[in-house]
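So the protein sequences, as listed, match chains A and B.
Residues 1 to 657 (the UniProt record's numbering) are what the first sequence spells out, left to right.
Residues 1 to 657 (the UniProt record's numbering) are what the second sequence spells out, left to right.
No residue lacks a Cβ here, since even glycine has one placed at the ideal position from N, Cα and C.
Quick caveat: nothing in here was measured; it's all calculated off a predicted structure.
Report on one structure; see the data block that follows.
There are 2 protein chains.
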Amino acid sequence: MTITPQAPAAARAVPVLPTSGPVRPLGLGQVSLTGGFWGVRQSVNAAATLAHCESWMERLGWLANFDRVADGTTSPDRPGWSFSDSEVYKLLEALAWEAGRTGDQGAEAAIKRLTARVARAQDPDGYLNTCFGHAGQQPRYSDLEMGHELYNTGHLLQAAVARLRTAGEDDLVRVARRAADHVCRTFGADGLPGICGHPEIEVGLAEFGRATGEDRYVEQARLFLDRRGHGTLRDIPLGRAYFQDDVPIRRAEVWRGHAVRALYLTAAAVDVAVERGDDELLRAVQRQWERSVERRTYITGGMGSRHQDEGFGEDWELPPDRAYCETCAGVASIMVSWRLHLATGDVRYTDLIERTLYNVVAASPSPDGRAFFYANPLHQRSPGRPADPSEVSPRAEGGTRAAWFEVSCCPTNVARTLAALAGYLATTDDDGLQIHQYAPCAIRAELPDGRPVAVDVETDYPASGTVRVRVAAGASSPWTLSLRVPAWADGATVTEDGRTRPVEPGMLTVRRAFQAGDVVVLDLPMRPRLTWPDPRIDAVRGCVAVERGPEVLCAESRDLPEPGGLDALVVDAGTGPEPDGGGARVRGRIPAHTGRGWAYAPARPAPLTELAELAELAELAEEGGWFDVPLRPYHSWAHRGPTSMRVWLPVDGAPRP
Amino acid sequence: MTITPQAPAAARAVPVLPTSGPVRPLGLGQVSLTGGFWGVRQSVNAAATLAHCESWMERLGWLANFDRVADGTTSPDRPGWSFSDSEVYKLLEALAWEAGRTGDQGAEAAIKRLTARVARAQDPDGYLNTCFGHAGQQPRYSDLEMGHELYNTGHLLQAAVARLRTAGEDDLVRVARRAADHVCRTFGADGLPGICGHPEIEVGLAEFGRATGEDRYVEQARLFLDRRGHGTLRDIPLGRAYFQDDVPIRRAEVWRGHAVRALYLTAAAVDVAVERGDDELLRAVQRQWERSVERRTYITGGMGSRHQDEGFGEDWELPPDRAYCETCAGVASIMVSWRLHLATGDVRYTDLIERTLYNVVAASPSPDGRAFFYANPLHQRSPGRPADPSEVSPRAEGGTRAAWFEVSCCPTNVARTLAALAGYLATTDDDGLQIHQYAPCAIRAELPDGRPVAVDVETDYPASGTVRVRVAAGASSPWTLSLRVPAWADGATVTEDGRTRPVEPGMLTVRRAFQAGDVVVLDLPMRPRLTWPDPRIDAVRGCVAVERGPEVLCAESRDLPEPGGLDALVVDAGTGPEPDGGGARVRGRIPAHTGRGWAYAPARPAPLTELAELAELAELAEEGGWFDVPLRPYHSWAHRGPTSMRVWLPVDGAPRP
């Protein structure tokens with residue numbers, strides 16, 4: 001086939017487009033998913049989730065809030081939290097990527113419909129918020145700590161970036177310009193010295209500046225960044241670390257406080273560092289990533305150990321049962337790592353993105369795209385109740401995916417990420433193409449010198465580990481095809497010209513004058529493997545996890561002979577795990593006696609009910625108490641209904657009296 | 001010596017006095033501490049803590065709130081939380097016990113001083129609250145979920161009980177009668193069908209009814225109890241389990257939600273069950289105690305696993321690092337177990353009281369009685385900052401005892417418990433004396449038939465395990481001396497008439513016609529011992545704790561060759577622990593390599609900083625890497641300044657790759 005040179009717009013259709021860097025992201029017009037694990041999810045997102053989100057926001061009055069401002073009928077009884085406007089903007093961003101990706105007219109119509117209502121609510125001076133500054137409401141910027149006004153605006157700017165890069169200037173972009181100008185006037189170097197309690201305006205301004213070519217927006221982002229960390233906000237009971245106002249980001253050593261806040265702020269710091277050539281700031285962020293990923297990140301890629309403040313815990317504080325791992329923190333972590341990869345080319349960042357995509361982002365939505373996990377714990381002790389699809393969940397926990405939440409940041413965050421996913425798969429540099437995430441897709445791009453790089457990726461990854469990259473257009477001179485070999489992929493091989501050779505984790509490169517039809521096959525080892533935790537992680541001592549390819553696996557009580565068994569189950573780490581379809585099998589057993597609660601009477605036996613339950617289990621179990629424990633991908637847990645679940649499995653033979 | 005018959009007042013001077021039961025508590029006039037572990041704390045409480053509490057409440061305007069109501073100068077800017085009145089009442093209760101115990105004139109003066117200010121704020125109809133119902137305030141009972149109005153009144157009633165039983169009817173008692181009558185009129189069978197979001201009025205009414213002989217107060221307590229658990233209160237994001245309005249207490253299987261709320265409610269349930277002869281209710285509470293103590297209670301006796309809602313977690317959810325274990329929950333647990341013991345005579349309840357007294361209540365106050373722990377975690381990862389004694393701590397955590405808190409329920413709860421402690425040491429039945437807690441004290445009581453039971457207890461317990469009970473007055477006929485042998489005391493012995501015999505955990509009884517000078521010696525084994533956790537407690541798998549007598553021990557980083565070592569320390573469970581003064585010694589080492597963070601790159605080595613620190617440790621360590629780890633009583637942790645700490649020690653030889 002012949003390649004038509006990519007329209008500039010196609011190359012710009014990405015969420016993040018630094019003005020410089022070792023690699024350039026490919027846009028939605030250059031990479032298109034053609035099915036597979038992510039293609040299916042992207043289709044469900046388009047077909048179900050986007051409309052689901054709009055209907056809920058209509059039902060709850062979050063959209064009507066804009067009409068009430070426009071009509072001058074605001075009052076203190078406004079429905080929704082102060083950040084409900086941002087959900088409308090995140091939905092607009094998702095719709096913009098979707099319309100840009102497929103030209104879908106339904107999405108296009110929704111964008112116009114929502115934009116019109118949003119635009120009517122904008123004040124003459126550009127201020128746009130449905131919770132503050134109007135009749136019956138608190139004054140503008142009277143609660144920077146918790147008011148979320150600038151946070152909302154930041155999401156408006158990200159939505160406008162998506163629209164500008166996929167459809168060009170339109171009403172949404174013009175509304176965003178006026179809002180951004182208002183922010184610069186109000187909080188500029190000569191304006192109010194404030195910042196927002198929830199970072200987001202910074203990352204929104206930085207990208208909006210890149211997309212519009214207006215550097216003053218980037219400068220305002222830098223100003224907000226450098227104002228932070230000096231006790232600029234009022235203290236709160238949780239402490240200023242909650243919103244990262246405790247230490248300037250250049251001096252911080254680790255991520256702390258509210259996870260989504262910390263990560264949105266960090267994403268903006270990478271943008272500013274790149275645009276300003278500020279290597280000191282970039283190195284500071286890299287150090288924070290190093291320590292936080294090493295000591296404050298779950299095996300799933302999830303971040304945020306604490307429910308209390310939706311925040312990072314201390315080093316090694318990673319309880320699986322109370323892991324918060326907010327879905328939004330997973331999205332934000334990908335925002336940070338993608339920016340760091342674009343700034344450095346380091347594959348460790350794209351490794352973490354893969355881990356987070358499969359084990360946090362993919363875990364949130366139900367197969368039908370109409371229910372979501374907000375928190376993503378690695379251990380569910382008691383099965384949740386079946387969720388009522390017509391009910392708003394007041395809680396972010398519970399072991400069951402909910403249709404909507406009182407604080408409903410996650411559904412729209414998943415939606416915008418899935419709609420823009422093609423923008424995170426591949427990059428180019430002056431000499432070739434780099435593929436970071438494996439999914440069936442068509443890549444049509446060209447190098448700066450005009451040479452086409454066009455390949456089709458054929459794979460059912462992660463069902464299997466075979467990735468066939470078929471060259472779709474020949475080149476007159478050599479170029480380099482680079483394929484990421486994940487850190488977990490010990491024993492991977494590459495086959496080209498019928499020759500197979502082993503490859504190490506990192507970036508595999510194949511350089512030649514590719515001809516149409518040439519095929520490079522990457523084989524990743526998909527045999528399930530044991531992963532042992534660092535002994536400093538107290539909460540999972542004596543446990544092991546099982547992973548298969550990029551997927552973390554888990555045990556669900558519904559697959560055990562007796563649900564209660566998951567409390568007492570131990571597994572044999574000496575044999576297995578054995579492959580079992582898309583999951584694995586390990587040998588497990590229920591110890592004959594389990595101990596005696598601990599508490600006040602060490603000599604007290606377990607209660608009879610407990611013993612009876614265990615006896616029943618023993619009968620059911622085969623070969624001397626051992627039975628097979630099926631393990632399935634964590635992202636699919638509770639798909640079959642409420643269940644208790646665990647990722648970290650206690651190993652038989654832990655120290656005993 | 002001769003015994004003068006005890007004045008009735010002396011026998012009534014106790015916090016809890018059921019109208020029936022297998023045993024009767026001895027009062028402050030019958031048992032007097034004469035020094036030792038608790039005598040010292042009681043003296044510090046009297047000499048420092050009581051005045052400390054009053055001065056903070058004066059400084060913060062919590063006392064002035066009463067004046068403002070009396071002067072009609074209330075306004076929306078009232079200082080303190082809605083429950084600050086209760087701190088004044090808990091202080092009054094502590095002062096009343098102290099004045100009753102010693103006749104201290106300073107305490108007596110403080111009672112009159114505080115009572116006068118409280119009395120002036122009472123409305124003509126008996127309503128007494130400084131946060132609701134007056135100019136510039138919300139209407140009475142307009143926020144039953146979180147307003148704490150009835151909660152405050154409950155503490156007023158408990159203070160009045162202390163005063164009535166130690167000094168007789170006075171202004172405080174009269175104020176309490178009017179407040180109690182107002183509650184009965186307002187919330188009686190024909191009144192508002194509401195309940196308070198924070199239980200306490202129930203236990204206050206029940207005991208006030210016993211103390212005044214007015215059964216209608218007990219009946220009102222029963223009414224509040226039975227109204228609860230039917231969704232009587234509005235739902236909140238944390239769910240109705242937070243304030244135990246999810247399930248009627250008769251049908252509940254386990255304690256859940258906010259720990260202090262759950263335990264105050266349960267204490268009242270025991271009172272009502274006893275006064276009404278309601279065995280079904282009593283059995284329900286006993287079942288809840290069984291399961292909660294087995295599965296939701298820390299080795300320290302601490303209750304409440306979660307910071308998020310200060311609440312119980314699920315079964316087996318007992319993380320040491322994020323253990324909340326609020327000091328007030330320890331006090332409330334003692335309230336429940338003491339009532340259950342008086343209702344049943346079961347020593348398991350007094351066993352738990354001992355555990356909680358030494359490892360929660362004793363842990364809270366600093367040696368000078370002017371700083372307190374609010375939360376009592378079993379693992380502190382990073383040393384707290386030295387507390388500023390002139391500052392109010394906005395947070396209930398932090399690893400350092402604070403002079404006062406924004407929510408300052410704990411200091412006054414510790415104060416009233418220590419002042420009334422003599423009321424929890426011993427009981428009598430028709431045939432003799434039972435001693436439950438060991439402290440140097442003089443016991444002067446008599447049996448229903450008039451026979452004197454008078455003994456002096458000589459011991460430096462828990463420094464040593466020898467308890468000498470010397471009979472102070474002879475009896476013409478035999479009576480039974482019963483001594484509690486703690487559940488942990490395997491190998492205890494008793495010596496009488498020069499004969500020593502082994503005794504089992506439980507109640508040891510010696511029956512005879514005791515003569516003045518007779519001595520019974522109980523020897524409890526004080527050698528430090530290992531305690532292994534139930535394997536279902538995920539958070540401490542692969543760890544062991546060390547206890548000595550009733551004291552849980554802990555390791556502090558300041559005692560290790562290198563503070564960072566506490567993260568990687570493992571101990572040898574095969575040898576020791578060895579006695580070491582009032583603590584113990586175990587062998588520990590720092591594994592040569594500790595793993596690699598967990599995260600995204602299994603093959604990634606630990607960062608250099610980490611390795612350097614470990615190398616330094618290895619040099620410092622003796623005999624092939626092993627060194628002695630001193631363990632000290634948990635209740636004394638951080639007495640030497642900020643430090644990291646752990647109770648559960650990882651055992652060398654946990655499962656590894």
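- The residues 151, 154, 155 and 264, in chain order, have a CB closer than 7 Å to that of residue 200/B in the same chain once the five nearest residues on each side in sequence are set aside.
- Residue nearest to residue 137/A within the set 84/A, 76/A and 353/A is 76/A (criterion: CA-CA distance).
- C-alpha of residue 52/A to C-alpha of residue 370/A: approximately 6 Å in a straight line.
- Residue 285/A and residue 270/A have their alpha carbons spaced roughly 7 Å apart.
- Within chain B, 314 and 315 have C-beta atoms less than 9 Å from the C-beta of residue 382/A, given in sequence order.
- DSSP places residue 335/A in no beta strand (DSSP E) but in the uninterrupted alpha helix (DSSP H) bounded by 327 to 344.
- Judged by their CB atoms, residue 522/B and residue 467/B are nearer to each other than the 7 Å cut-off.
- Close to chain A, meaning a Cβ-Cβ distance shorter than 8 Å, are the following residues of the stretch 550 to 571 of chain B: 567, 568 and 570.
- As computed with DSSP, residue 479/A is found in a beta bridge with 512/A.
- In summary, residue 225/A is buried, with 16 or more beta-carbon neighbours lying within 10 Å of its beta-carbon over all protein chains present.
- For residue 556/A, no alpha helix (DSSP H) encloses it; the enclosing beta strand (DSSP E) starts and ends at 551 to 556.
- Taking all protein chains shown into account, residue 366/B has 16 or more neighbouring C-beta atoms within 10 Å of its C-beta and is therefore buried.
- Of all residues in the stretch 321 to 332 of chain B, only 321 and 322 come within less than 9 Å of chain A when Cβ atoms are compared, listed by chain position.
- Bridge pairing for residue 580/B: 583/B [DSSP].
- Of the candidates 26/B, 115/B and 575/B, the residue whose Cα lies closest to the Cα of residue 626/B is 575/B.
- The beta-carbon distance between residue 402/A and residue 50/A, rounded to whole angstroms, is 18 Å. This is too long to meet the 8 Å contact definition.
- In summary, residue 58/A is exposed, with fewer than 16 beta-carbon neighbours lying within 10 Å of its beta-carbon over all protein chains present.
- Proximity of chain B to residue 308/A at the Cβ level (cut-off 7 Å) is accounted for by 307 and 308, in chain order.
- Pairing residue 33/A with residue 439/A gives a Cβ-Cβ distance under 7 Å.
- For residue 411/A, the uninterrupted alpha helix (DSSP H) segment begins and ends at 409 to 419.
- When only Cα atoms are considered, residue 182/B and residue 447/B end up about 39 Å apart.
- For the pair residue 93/A and residue 73/B, the Cα-to-Cα distance works out to about 53 Å.
- In the DSSP assignment, the residues bridged to residue 496/A are 499/A and 520/A.
- Between residue 324/A and residue 304/A, the gap from beta carbon to beta carbon is short of 7 Å.
- Contact with chain A is absent for residue 450/B, since none of that chain's Cβ atoms lies less than 7 Å from the residue's Cβ.
- Taking 8 Å as the upper bound for CB-CB distance, residue 203/B and residue 267/B are in contact here, some 5 Å apart.
- By the rule that beta-carbons nearer than 7 Å mark a contact, residue 319/B touches chain A.
- Contacts with chain A at 7 Å (Cβ-Cβ) include residue 394/B.
- Against chain B, the beta carbon of residue 239/A has neighbours under 9 Å at 394 and 395, listed in chain order.
- By the criterion of a C-beta distance shorter than 7 Å, residue 496/B is surrounded in its chain by 510 and 520, once the five residues flanking it on both sides are discounted.
- Exposure of residue 189/A is indicated by the presence of fewer than 16 other C-beta atoms within 10 angstroms of its C-beta.
- Residue 380/B has 645/B as its beta-bridge partners, per DSSP.
- Cβ atoms of residue 248/B and residue 228/B come within 8 Å of each other, at about 7 Å.
- In this structure, residue 44/A and residue 368/A form a Cβ contact; the two beta carbons are roughly 7 Å apart against a cut-off of 8 Å.
- Contact between residue 357/A and residue 42/A is ruled out by a C-beta separation of about 12 Å, above the 8 Å threshold.
- Here residue 286/B carries a helix assignment [DSSP, helix/strand/coil].
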